[in-house]
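**Q**
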Amino acid sequence: MARLDGQVALVTGASGGIGSAIAKALAAEGCAIAVHYSSNAASAESLAARIEALGGHAEVFKSDLLAAGAPKKLVAACVKEFGRLDILVNNAGAVLGGEHYLELSDGAWAKTLRLNAEAPFFLTREAFRVMKNGGRVINISSVAAQFGGSARSIHYGAAKAALEAMTRGFAREGAPMGILVNAIRAGVIDSPFHGKFRKDMAKRVALIPLKRMGRPEDVASLALHLASDGGFITGQVISVTGGE
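If you count by my numbering, then the sequence shown holds residues 4 to 247, one letter each, in order.
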């Protein structure tokens, strides 16, 4: 019997590298997957088809998490489809506006905070309402929260730092309900997110003690552990950063 048989997971941003790897890892253990995407429909549909082809169950959900009320509607749609929600993976995130901080617009700041911090807050709040018999919330943070980001991503680092603070706060509130809340602080991962900055990656990778980029599966394996076996782990920010 697979470890997550009968459970349902909502993975936001599942069409991306880390999200896709997490969705596949959970599905391999029997978990039904709500595959969320915002704009990459082809990748989301392809992921769901792969999960179904391997004997799993996946449904695709489109939602712009920058839109007012979107988190509440997304959780409600997931519960309507599957009848329950056991695991929430707040993976969707991006640097919205990559200008130098001296040129960063108010709108880019607001959208980056909304996607990386505000949306996970409201998704988690809605998940708490339906996780009647306990559950797991896994937030995907970034090493930018540790180092503060670069001159072009300070706003992203700030948003991820807020996500880590929320992880600790929600863990405290969720404990009496049997809901465990943790964050994975991902380092430089070989995914489409960092692919946009590949020309600058050599210098960045040289700073990593292991001298290589991580793989999406490195993050997914920890997410699977927290979703299935980590029954005494909550309120933690665990780094998958190659030693940084």
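All C-beta atoms, glycine included, are put in the ideal place defined by N, C-alpha and C.
(1) Taking only three categories from DSSP, how would you classify LEU213?
(2) Taking the CB atoms as reference points, tell me whether ALA164 and ALA148 lie closer together than 9 angstroms.
(3) With DSSP as the reference, label GLU129 as helix, strand or coil.
(4) Taking C-alpha atoms, which residue in ILE36, GLY9, GLN10, GLY172 lies nearest to GLY315?
(5) Measure the C-alpha to C-alpha separation of SER231 and GLU106 and round it to an integer number of angstroms.
(6) What first and last residue would you give for the alpha helix (DSSP H) that runs through ILE157?
(7) When the distance is taken between beta carbons, is ASN119 closer than 9 angstroms to GLY138?
(8) Under 9 angstroms between the Cβ atoms of ALA3 and VAL11?
(9) Run through DSSP, which three-state label would GLY181 get?
(10) ILE141 by DSSP, collapsed to three states: which one?
(11) Inspect the beta-carbon positions of GLU176 and SER144 and report whether they are closer than 9 angstroms.
(12) Return the first residue and the last residue of the beta strand (DSSP E) that GLU62 is part of.
(13) Tell me which residue opens and which closes the beta strand (DSSP E) that ALA28 is part of.
**A** Looking at the coordinates:
(1) On the sequence shown, residue 213 is found 210 positions in, with the first residue counted as 1. Note: LEU213 maps to coil in three-state DSSP.
(2) As a first step, residue 164 is located in the sequence shown; it is residue number 161 there, counting from the start. As a first step, residue 148 is located in the sequence shown; it is residue number 145 there, counting from the start. Yes, these two residues count as a Cβ contact at 9 angstroms.
(3) Here residue 129 is taken as the residue at index 126 of the sequence shown, counted from 1. Three-state DSSP puts GLU129 in a helix.
(4) Nothing can be reported for residue 315: it is not among the residues displayed for the chain, which extend from 4 to 247.
(5) To locate residue 231, count along the sequence shown from 1; it is residue 228. To locate residue 106, count along the sequence shown from 1; it is residue 103. Spanning the two alpha carbons is a distance of roughly 44 angstroms.
(6) Residue 157 sits at position 154 when you count from the first residue of the sequence shown. Note, ILE157: alpha helix (DSSP H), 157-177.
(7) Walking along the sequence shown from the start, residue 138 turns up at place 135. Walking along the sequence shown from the start, residue 119 turns up at place 116. Going by C-beta atoms, GLY138 is not nearer than 9 angstroms to ASN119.
(8) It is not possible to answer for residue 3, since the shown part of the chain is limited to 4 through 247.
(9) For this step, residue 181 is matched to residue 178 along the sequence shown. Coil, per DSSP.
(10) On the sequence shown, position 138 is the one that residue 141 refers to. Of the three classes helix, strand and coil, the one that applies to ILE141 here is strand, per DSSP.
(11) What you label residue 176 is simply residue 173 of the sequence shown in a count that begins at 1. What you label residue 144 is simply residue 141 of the sequence shown in a count that begins at 1. Against a cut-off of 9 angstroms, the Cβ pair of SER144 and GLU176 comes out as no contact.
(12) Within the sequence shown, numbered from 1, the residue matching residue 62 stands at position 59. First-last of the beta strand (DSSP E) with GLU62: 61-65.
(13) In the sequence shown, residue 28 corresponds to position 25, counting from 1. No beta strand (DSSP E) contains ALA28, which is instead part of the alpha helix (DSSP H) from 20-31.
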